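Peer 1:
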Amino acid sequence: MASSQRRTRAARLEHVRGIAVDRFGAAADDAARRHTDVLRLENLDTDLRPPAAALETTRAAVGDDANNSYLPFLGQHALRRAAAAHVSRLSGVEYDAESECIVTAGGLSGCLIALLALLDPGDGVIVTDPTYVGMLNRVRLAGGVPVPVPFRWRDGEWRLDLAALHAAVGPRTSAMFIMNPSMPSGAVLNRSEWCAIAELCRAHDLWLIYNAAMERIVYDGHSYLHPAGLPGMAERTLTVGSVSKEFRMIGWRVGWIVGPRAVMAGVALTSVCDVVVPVGIGQPAAAAVLCAADSDIDVACAVTEWSRRRDVIAEELSDLPIRRAAGGWSMLLDVGKMGLTGERAAALLLERAHVAATPMTNWGVVHGPGLVRLVFANEPVNRLRGIGRRVRDALG
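Put into structure tokens, the structure is as follows:
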């Protein structure tokens, strides 16, 4: 076959979209080499340090030969016990570490593994709109078809369109794939929304793949609810968690999947076919932070600081269509209401204001092209002050 006719891209990649973070991150890197005042609000990073236990345990783990092995394939037993206990505590459902928990190479790897283990080609997967395009792409890579259900901005908060949720279920729908708090919007589902999700899952025999990476990062007194604890949901919920966000351990690439025994054998097989084994030297630190006596206090302190940063941006942009986050690390500026596309607004913000942000192109159908994401987790309050003037000057 002539090289000009050779297929260079698998058909499964046809609908896989770029996430824009890499483009604007590279542009921000270049700008930061020339300017000291560049605000890095484009990438889901944080400058808050990991727990001390993570650093100390990792240093020790590097020198321990037990961590330099392909075994055990499904994760070190101490971490599996810690992760299963963690999800059990938050959900109120008792999980067995050996048969209902595996360790993954980060949360998003766990999401893809769960999707690959559950979906058949053409299966519909209900997702929120907007949602992280990396989640949408993983549905597509697994052979699924994302079915968007929009959030609506009402009375100063994002609320799920429950009528659209019910209408989204079709004959090929097999799962819901939900992150809470949702990213990029920072929406936090309330009890009535979770109950509606659970009702549909039970009525139509759907799986729920729950991306719990930020589950405790909520603000303004919002309550936390784990969907596996709702009636009839433990047997149909896979919880995918990690230490990346709450414990600020992004570089460790350690996560877990916890779910009912009946499905976890297939999940485990899929995991072994993927990464074989998660990073050995990172797993002891993940177990340490989950089991630490001050674990909850550590997370709460970080949440308090992220809340302060969110407040600065929301207050300084209060005269613009800023959509204040109820949780997570990011919130959205509706530049469509200012007559701009997200791509144009992000370019202007970096060029004129030295504010790096990400356009939400491909992050939604109803929402996306007219939105810009601002990550508030990676810059301290003193650097964020004055952002309102900079944004208005750039976009005005």
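Residues in the sequence shown are numbered consecutively from 0, following numbering that gives the first Met the number 0. Virtual Cβ for every residue (Gly too), placed ideally from N, Cα, C. Quantities reported herein were computed from a predicted structural model and do not represent experimental measurements.
Relative to the C-alpha of ASP318, which candidate in GLY254, PRO49, LEU394 and ALA285 has its C-alpha closest?
Peer 2: Within the sequence shown, the letter at position 319 stands for residue 318. The option with the nearest alpha carbon to ASP318 is LEU394.
Peer 1: Looking at the unbroken beta strand (DSSP E) that takes in GLU198, where does it start and where does it end?
Peer 2: In the sequence shown, the residue the question calls residue 198 occupies position 199. Taken as a continuous stretch (DSSP letters only), GLU198 belongs to no beta strand (DSSP E), being part of the alpha helix (DSSP H) at 190-203.
Peer 1: When DSSP labels each residue in this structure, what does ASP119 get in the three-state scheme?
Peer 2: Within the sequence shown, the letter at position 120 stands for residue 119. In this structure, ASP119 counts as coil in the three-state DSSP scheme.
Peer 1: Between the Cα of HIS165 and the Cα atoms of PRO226, TRP152, LEU73 and TRP193, which residue gives the shortest distance?
Peer 2: Sequence index remark: in the sequence shown, residue 165 carries index 166 (1-based). When each option's Cα is compared against that of HIS165, the closest is TRP193.
Peer 1: I need the boundaries of the beta strand (DSSP E) containing PRO149, first residue and last residue.
Peer 2: What you label residue 149 is simply residue 150 of the sequence shown in a count that begins at 1. Run containing PRO149: 144-153, per the beta strand (DSSP E) assignment.
Peer 1: What runs of the beta strand (DSSP E), each 3 residues or longer, lie entirely inside the stretch 294-354?
Peer 2: Counting only runs of 3 or more, we get 329-333.
Peer 1: Residues bridged to VAL126 by DSSP?
Peer 2: Here residue 126 is taken as the residue at index 127 of the sequence shown, counted from 1. Paired residue(s): PRO147.
Peer 1: Would you mind working out which of SER191, ARG8, GLY250 and LEU370 sits nearest ALA346, comparing C-alpha positions?
Peer 2: Residue numbering aside, residue 346 sits at position 347 when the sequence shown is read from its first letter. Comparing Cα-Cα distances from ALA346 to each of SER191, ARG8, GLY250 and LEU370, the minimum goes to LEU370.
Peer 1: Near ALA325, what residues of its chain come up, given a Cβ to Cβ distance below 8 Å and the 5 sequence neighbours on each side ignored?
Peer 2: Within the sequence shown, the letter at position 326 stands for residue 325. Closer than 8 Å at the Cβ level, and outside the excluded window around ALA325, lie GLU156, TRP157, PRO180, GLY185, ALA186, VAL187, VAL217, TYR218, ASP219 and HIS221.
Peer 1: Whose C-beta lies closer than 6 Å to the C-beta of VAL365 among residues of the same chain, with five residues either side of it excluded?
Peer 2: For the purposes of this step, residue 365 is identified with residue 366 of the sequence shown, where counting begins at 1. Hits under 6 Å: ASP128 and PRO149.
Peer 1: What separation, rounded to the nearest whole angstrom, lies between the Cα atoms of PRO368 and ASP122?
Peer 2: Walking along the sequence shown from the start, residue 368 turns up at place 369. Walking along the sequence shown from the start, residue 122 turns up at place 123. Distance between the alpha carbons of PRO368 and ASP122 is about 26 Å.
Peer 1: What's the gap between the Cα of THR269 and the Cα of GLY106?
Peer 2: Position 270 of the sequence shown, counted from the start, is the residue given in the question as residue 269. Position 107 of the sequence shown, counted from the start, is the residue given in the question as residue 106. Distance between the alpha carbons of THR269 and GLY106 is about 15 Å.
Peer 1: If you follow the beta strand (DSSP E) that GLU156 is part of, which residue opens it and which one closes it?
Peer 2: As a first step, residue 156 is located in the sequence shown; it is residue number 157 there, counting from the start. 156-159 is the span of the beta strand (DSSP E), which, as asked, contains GLU156.
Peer 1: So, helix, strand or coil for PHE176, using DSSP?
Peer 2: Here the question's residue 176 lines up with position 177 in the sequence shown. If DSSP states are grouped into helix, strand and coil, PHE176 belongs with the strands.
Peer 1: What first and last residue would you give for the alpha helix (DSSP H) that runs through ASN136?
Peer 2: If you number the sequence shown from 1, residue 136 lands on position 137. Residues 132-140.
Peer 1: Only counting the same chain, and skipping five residues up and downstream in sequence, which positions put a Cβ closer than 8 Å to that of TYR223?
Peer 2: Start at 1 with the first residue of the sequence shown, and residue 223 comes out as number 224. So the qualifying residues of the chain are LEU89, GLU214, ARG215 and VAL217.
Peer 1: Can you name, in chain order, every residue of its own chain whose Cβ lies under 7 Å from the Cβ of PRO49, other than the five neighbours on each side?
Peer 2: Counted from its first residue, the sequence shown places residue 49 at position 50. The residues are PHE246, ARG247 and MET248.
Peer 1: If I'm right that THR172 touches HIS203 with Cβ under 8 Å, what's the distance once you round it to whole angstroms?
Peer 2: Sequence index remark: in the sequence shown, residue 172 carries index 173 (1-based). Sequence index remark: in the sequence shown, residue 203 carries index 204 (1-based). Correct: roughly 7 Å between the Cβ atoms.
Peer 1: Can the beta-carbon of ASN66 be found less than 7 Å from the beta-carbon of ALA59?
Peer 2: Taking the sequence shown and counting its residues from 1, the one referred to as residue 66 is at position 67. Taking the sequence shown and counting its residues from 1, the one referred to as residue 59 is at position 60. Taking 7 Å as the Cβ cut-off, ASN66 and ALA59 do not qualify as a contacting pair.
Peer 1: Output the boundary residues of the beta strand (DSSP E) element that contains ASN210.
Peer 2: Here residue 210 corresponds to residue number 211 of the sequence shown, with the count starting at 1. First-last of the beta strand (DSSP E) with ASN210: 206-210.
Peer 1: Taking ALA352 and ARG389 to be in contact with their CB atoms under 8 Å, please state how far apart those CB atoms are, rounded to whole angstroms.
Peer 2: By one-based count along the sequence shown, residue 352 stands at place 353. By one-based count along the sequence shown, residue 389 stands at place 390. Correct: roughly 4 Å between the Cβ atoms.
Peer 1: Sort CYS272, ARG16 and VAL278 by Cα distance to ASP64 and report the nearest one.
Peer 2: Counted from its first residue, the sequence shown places residue 64 at position 65. Nearest option by C-alpha distance: VAL278.
Peer 1: Please return the same chain residues whose Cβ sits closer than 6 Å to the Cβ of TRP206, not counting the five positions on each side in sequence.
Peer 2: Within the sequence shown, numbered from 1, the residue matching residue 206 stands at position 207. Excluding residues within five positions, the ones whose Cβ falls inside 6 Å are LEU117, ALA174 and ARG235.
Peer 1: Report buried or exposed for ILE296, applying the criterion of at least 16 other Cβ atoms within 10 angstroms of its Cβ.
Peer 2: As a position in the sequence shown, residue 296 is number 297, starting the count at 1. Exposed.
Peer 1: Check each candidate in ILE18, LEU78 and ILE125 and name the one with the smallest Cα separation from ALA287.
Peer 2: Here residue 287 corresponds to residue number 288 of the sequence shown, with the count starting at 1. Minimum Cα distance to ALA287 is reached at LEU78.
Peer 1: Would you call the stretch 253-268 and the stretch 85-104 in contact, with 3 or more CB pairs under 8 Å?
Peer 2: Contact between the stretch 253-268 and the stretch 85-104 is present, because at least three Cβ pairs lie under 8 Å.
Peer 1: Quick one: measure Cβ to Cβ for LEU47 and GLU304, integer angstroms, because I've assumed they're closer than 8 Å.
Peer 2: Here the question's residue 47 lines up with position 48 in the sequence shown. Here the question's residue 304 lines up with position 305 in the sequence shown. Correct: roughly 6 Å between the Cβ atoms.
Peer 1: Would you mind sorting ALA25 into buried or exposed? The rule is 16 or more other CB atoms within 10 Å of its CB.
Peer 2: Locating residue 25 in the sequence shown gives position 26, where the first residue counts as 1. Looking at its Cβ environment, which holds fewer than 16 other Cβ atoms inside 10 Å, ALA25 is exposed.
Peer 1: When you compare only the Cα positions, how much space is there between MET0 and GLY91?
Peer 2: Here residue 0 refers to the residue found at position 1 of the sequence shown. Here residue 91 refers to the residue found at position 92 of the sequence shown. Reliability of the predicted coordinates at MET0 is poor, the pLDDT of 47 falling under 50, and the value obtained from them is presented with this limitation in mind. If I take the Cα positions, the gap works out to 59 Å.
Peer 1: If contact is defined by three or more beta carbon pairs under 8 Å, each pair taking one atom from either stretch, is the stretch 333-343 in contact with the stretch 306-313?
Peer 2: Because the criterion of three Cβ pairs below 8 Å is not met, the stretch 306-313 and the stretch 333-343 do not touch.
Peer 1: Is the CB-CB distance between LEU289 and MET330 below 7 Å?
Peer 2: Taking the first residue of the sequence shown as 1, we reach residue 289 at position 290. Taking the first residue of the sequence shown as 1, we reach residue 330 at position 331. No, the pair does not count as a contact, with Cβ atoms beyond the cut-off.
Peer 1: Leaving out five residues on either side along the sequence, give the residues of the same chain with a beta carbon under 6 Å from the beta carbon of PHE375.
Peer 2: For this step, residue 375 is matched to residue 376 along the sequence shown. Excluding sequence neighbours, PHE375 sits near ARG308, ARG309 and ILE312.
Peer 1: Would you mind stating whether GLY109 and ILE208 have Cβ atoms separated by less than 7 Å?
Peer 2: As a working mapping, residue 109 is identified with position 110 in the sequence shown. As a working mapping, residue 208 is identified with position 209 in the sequence shown. Not closer than 7 Å, so no.
Peer 1: Helix, strand or coil for SER241, going by three-state DSSP, please let me know.
Peer 2: Numbered from its first residue, the sequence shown carries residue 241 at position 242. DSSP places SER241 in strand when its eight states are reduced to three.
Peer 1: So PRO226 packs on ALA195, CB below 8 Å; how close in whole Å?
Peer 2: As a position in the sequence shown, residue 226 is number 227, starting the count at 1. As a position in the sequence shown, residue 195 is number 196, starting the count at 1. Their Cβ separation, rounded to whole angstroms, is 11 Å, which puts PRO226 and ALA195 out of contact at 8 Å.
Peer 1: My output table needs one value for MET0: the three-state DSSP class, helix, strand or coil.
Peer 2: As a position in the sequence shown, residue 0 is number 1, starting the count at 1. Because the pLDDT at MET0 is just 47, under 50, the model does not fix this residue reliably, and the point stays unresolved.
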